[in-house]
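Chains as they are written, first to last, in the working numbering: chain C, 108 to 488; chain H, 4 to 260.
Quick look at the structure:
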């Protein structure tokens, strides 16, 4: 059986987020981009509207939504501002390690507070010297009997400056690579943690991205998530579930770029008529629409597979979806700037921001090249 | 007991098309929403509930099966109970007003909030009928409400021409038809949506209320699209020529000078 109809609940989710984006995100997206500032007020409202922490199971007081709902949420948010999308969605990314591998007590202790107040979580995997090769991490966790002692640094950590909870991945023995890794739920205010500055990025400028340094940070043993040696596995299981939603953010951004293009091409006149009359532009926009449609279906498909518990298929489908949607959104945003011509190249119009914002989707949470590595590995196994 | 009247209307961005036989508008493919003025009414009811410590807010709508969606949205915003007066086909404002008044009577309503008008046909009539049939006072185009501590009397402010305000004092029972800007309606939150799904909706038919489609006092005959607007005229030439031409047109064509 094949069906692509959203449930009534999913439709209302989409409606609510769309409304939220129209009222709260779109009017301030350009402002925060230019200020390079974290949108505290929007994040707080997103939390109040229930747009954060959607994956927390009902038994812990959450909504218990799956990946399909996360995909729907992220497409809508992405159509407003990809930087805010990242800030809002990283709570789910930072929570999954604990939701998937933590005990009930650990979930209650670390995730509970995220539901009670607009608090943020961050996912701390990448390091200055370890990006695509995540298994080569060098942040060290030393076993001190009743606690772990953490030393090292993390890089490009979203929400780092405003988070209360860090899901940190560290190695207990670098020689073991991935098999020596451990996941720790770390109180972001712990002694020994210092933060870098809010990075001055090309795009997604409002999302808070920083480096984190750990200097003799004591983490109680009870904050260890899963077993020693499972850190890498926990990170990958998390990313399997967030990859399609991240891709969906790009689909949303591409959709916004197309919507702007349609509107502008009907208004802009050259050679005595709206430029939308020219088949050259019509074909560009038709191709944009087809690519977006493909991206959306790939994201929903990956989400559906994961929600059905078909994890291996779902993981691969999510790689397809992320690779396609990120690259596609970059192409669509570039074409949108082209349709706007000189105006599109200025900050007076919204499409250049989309182009800068979507570039990051080709890079974070597994570059487009790493997605191809995953896909090729599957083809050749 | 606090009640809110809502109506489901086509989304403000709907492109309205008229049926071939002129009997109404094409309703396939229309996205339905809660009348935007009614969202202010819902918000005001929810705020009032907190302020006067009322036990619950009940939302009432009259319409076909699809109108249940409007009730679900209101429930997701935080309203406690929902009532659906089920109708088929068109219902005139007289019948709607009478039916809603009957429901409010049966349910023991004390304070009723409504939007000042529905944006579909802009008649701004139903709330007036309701108040009349209940023999209650009503205040329309309400911009601000101040309750006394006991929640039994209030001052309602209405905007009048020239930016001044007109203050009406009333005691309950009362019907308040609110204007936009009285508050900022909250969103249907995601947890609210999940909860709303499980809530039961009470249903009445027109017959339950002693009415029928035949109760209508008004019958709509034809729907017509607004006439096409004539294209504007663009004047050319230097400023002096354009000014002369403009004066000529204003005098001879527009006949305003």
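Virtual Cβ for every residue (Gly too), placed ideally from N, Cα, C.
Treat the numbers as computed from the prediction; the structure is a model and nothing was measured.
Chain C has no Cβ within less than 7 Å of the Cβ of residue 80 (chain H). Boundaries of the alpha helix (DSSP H) harbouring residue 47 (chain H): 39 to 55, taken from the DSSP string. DSSP, reduced to helix, strand and coil, places residue 172 (chain C) outside both helices and strands of the structure shown, so it counts as coil.
Within the stretch 110 to 165 of chain H, the beta strand (DSSP E) runs of at least 3 residues that lie entirely inside it are, in chain order, 114 to 118, 141 to 150, 156 to 162. Taking residue 151 (chain C) as reference, the option from C:138, C:132, C:168 with the minimal CA-CA separation is C:132. With at least 16 other beta carbons inside 10 angstroms of its own, residue 74 (chain H) counts as buried. DSSP places residue 293 (chain C) in the strand class (E or B) of the three-state scheme.
In the DSSP annotation of this structure, the continuous segment of the beta strand (DSSP E) that includes residue 231 (chain C) starts and ends at 227 to 231.
Listed in chain order, the positions of the stretch 109 to 139 of chain C with a beta carbon within less than 7 Å of a beta carbon of chain H are 116, 119, 120, 123, 126, 127.
Looking at the DSSP output, residue 179 (chain C) sits in no beta bridge, so it has no partner there. For residue 410 (chain C), the uninterrupted alpha helix (DSSP H) run begins and ends at 386 to 414, by DSSP. Cβ proximity to chain C below 7 Å picks out 190, 191, 192, 193, 194, 196 from the stretch 172 to 196 of chain H.
Look at residue 258 (chain C) here: in three-state DSSP terms it is strand.
Contact between residue 145 (chain C) and residue 315 (chain C) holds, since their C-beta atoms are separated by about 5 Å, short of 8 Å. Taking C-beta separations shorter than 6 Å and ignoring five residues to either side along the sequence, the partners of residue 341 (chain C) in its chain run 204, 208, 290, 333, following chain order. DSSP places residue 226 (chain H) in the coil class of the three-state scheme, outside both helix and strand. Annotation note: the stretch 169 to 230 of chain H contains the following uninterrupted alpha helix (DSSP H) runs of length 4 or greater, listed N- to C-terminal: 193 to 201.
Contact of residue 200 (chain H) with chain C by beta-carbon distance below 9 Å involves 115, 116, 119.
Residue contact check for residue 170 (chain C) against chain H: a CB pair falls below 7 Å. Between the beta-carbon of residue 401 (chain C) and that of residue 461 (chain C) there is about 18 Å, and that puts the pair past the 8 Å contact cut. Rounded to the nearest angstrom, the Cβ distance from residue 196 (chain H) to residue 112 (chain C) is 17 Å, too far for a contact under 8 Å.
Taking residue 195 (chain C) as the centre and dropping the five residues before and after it, the same chain places the C-beta of 150, 153, 158, 159, 184 closer than 7 Å to its C-beta, in chain order. Residue 395 (chain C) is classed as buried because its beta carbon has at least 16 other beta carbons within 10 Å across all chains shown.
Counted as a single uninterrupted DSSP element, the alpha helix (DSSP H) harbouring residue 127 (chain C) occupies residues 115 to 127. For residue 95 (chain H), the secondary structure class from DSSP, reduced to helix, strand or coil, is coil. Under the 7 Å criterion on CB atoms, residue 193 (chain C) is classed as non-interfacial with respect to chain H. Each residue's CA atom was taken as its position, placing residue 171 (chain H) and residue 106 (chain H) some 26 Å apart. Nearest neighbour of residue 27 (chain H) by Cα position, chosen from H:260, H:248, H:222, turns out to be H:222.
Contact annotation: residue 189 (chain C) and residue 356 (chain C) have beta-carbon atoms nearer than 7 Å. C-alpha of residue 441 (chain C) to C-alpha of residue 243 (chain C): approximately 35 Å in a straight line. Proximity of the stretch 8 to 24 of chain H to the stretch 62 to 72 of chain H meets the contact definition, three or more beta-carbon pairs being nearer than 8 Å.
Collapsing the DSSP output to three states places residue 109 (chain C) in coil. Taking 7 Å as the cut-off, the Cβ atoms of residue 264 (chain C) and residue 231 (chain C) count as close. Measuring C-alpha to C-alpha distances from residue 325 (chain C) to each of C:247, C:143, C:268 identifies C:247 as the nearest. When Cβ-Cβ separations below 7 Å define contact, residue 316 (chain C) makes no contact with chain H.
Apart from the 5 residues on each side of it in sequence, residue 43 (chain H) sits with its Cβ closer than 8 Å to the Cβ of 118, 181, 182, 183, 184, 185, 186, 188 in its chain, given in chain order.
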